[in-house]
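Heads up: the sequence shown is residues 2 to 152, going by this note's numbering.
C-beta atoms are modelled at their ideal positions from N, C-alpha and C, and glycine is treated no differently.
Some notes on the structure that comes next.
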Amino acid sequence: MTDTEKNSKTGKPKRPLFLGFLCVIGFTYTSLFSLLFLLGMLYSTGISGILNEYLQLYDLSRLNFFLFSISGFIIFFSAFIGILLMWKVQKLGFYIYTISAITFLILELAIAGFYLPDILVHTLLILLFLIAFPFGKKRRARLTEKKLINQ
């Protein structure tokens with residue numbers, strides 16, 4: 002039984018198609034980065050040594066790289082949780098995702114400086130989720146009415 006069938010039987014609003022598409026993209030993006038930061042935590046000694054050898058502009062100690070990896074993992078894992086809640090059409094998920102994305106952008110600006118592609122990707126995802134998510138009670142009611150009419 003799929004999520005959309007469960008939603009039609011329980012009377013909860015159905016997930017819009019565009020929101021489902023964005024959630025799949027978000028699941029992929031956040032899970033890959035969560036995995037990347039998790040591996041960074043596990044192998045922080047070797048990675049910081051390699052980075053210090055080849056990028057001599059930055060002095061990356063093992064502790065700094067480990068703390069950066071932990072914070073990145075927490076941020077992207079919380080973004081994943083937010084997308085999971087949006088998949089279930091819960092408003093809290095949008096807020097969790099937005100706070101996680103903004104926190105990541107602030108952390109990145111503080112550590113690495115201005116990096117336009119990350120700013121564009123995260124801002125675009127927030128705006129697209131804002132457009133796709135059925136926020137108002139009226140919009141949710143319309144989705145429920147359409148579902149009841151189609152049955």
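Residue i (DSSP reduced to helix, strand or coil)
i, result
"Tyr-30", "helix"
"Ala-113", "coil"
"Phe-136", "coil"
"Pro-17", "coil"
"Tyr-98", "helix"
"Lys-7", "Legend: pLDDT at Lys-7 = 48, less than 50; position of this residue unreliable, no value from coordinates given."
"Val-25", "helix"
"Lys-89", "coil"
Distance CB(residue i)-CB(residue j) smaller than 8 Å
i, j, result
"Phe-74", "Ser-35", "yes"
"Phe-95", "Ile-76", "no"
"Leu-129", "Leu-23", "yes"
"Ser-72", "Leu-108", "yes"
"Gly-41", "Phe-81", "no"
"Ile-103", "Phe-28", "no"
Residue i classed as buried or exposed, judged by whether at least 16 other C-beta atoms fall within 10 angstroms
i, result
"Tyr-98", "buried"
"Gly-154", "Here the chain covers residues 2 to 152 and nothing more, so residue 154 does not appear."
"Val-90", "buried"
"Leu-20", "buried"
"Leu-126", "buried"
"Phe-38", "buried"
"Pro-118", "exposed"
"Phe-134", "buried"
6 Å CB neighbourhood of residue i in its chain, flanking five on each side removed
i, result
"Trp-88", "Cys-24"
"Arg-16", "Val-90"
"Lys-7", "Since pLDDT at Lys-7 reaches only 48, below the 50 mark, its modelled position is unreliable, and the value read off the structure follows with that caveat. Hits under 6 Å: none found."
Close Cβ partners of residue i (< 7 Å) along its chain, the five nearest in sequence each way excluded
i, result
"His-123", "Ala-102, Phe-105, Leu-106"
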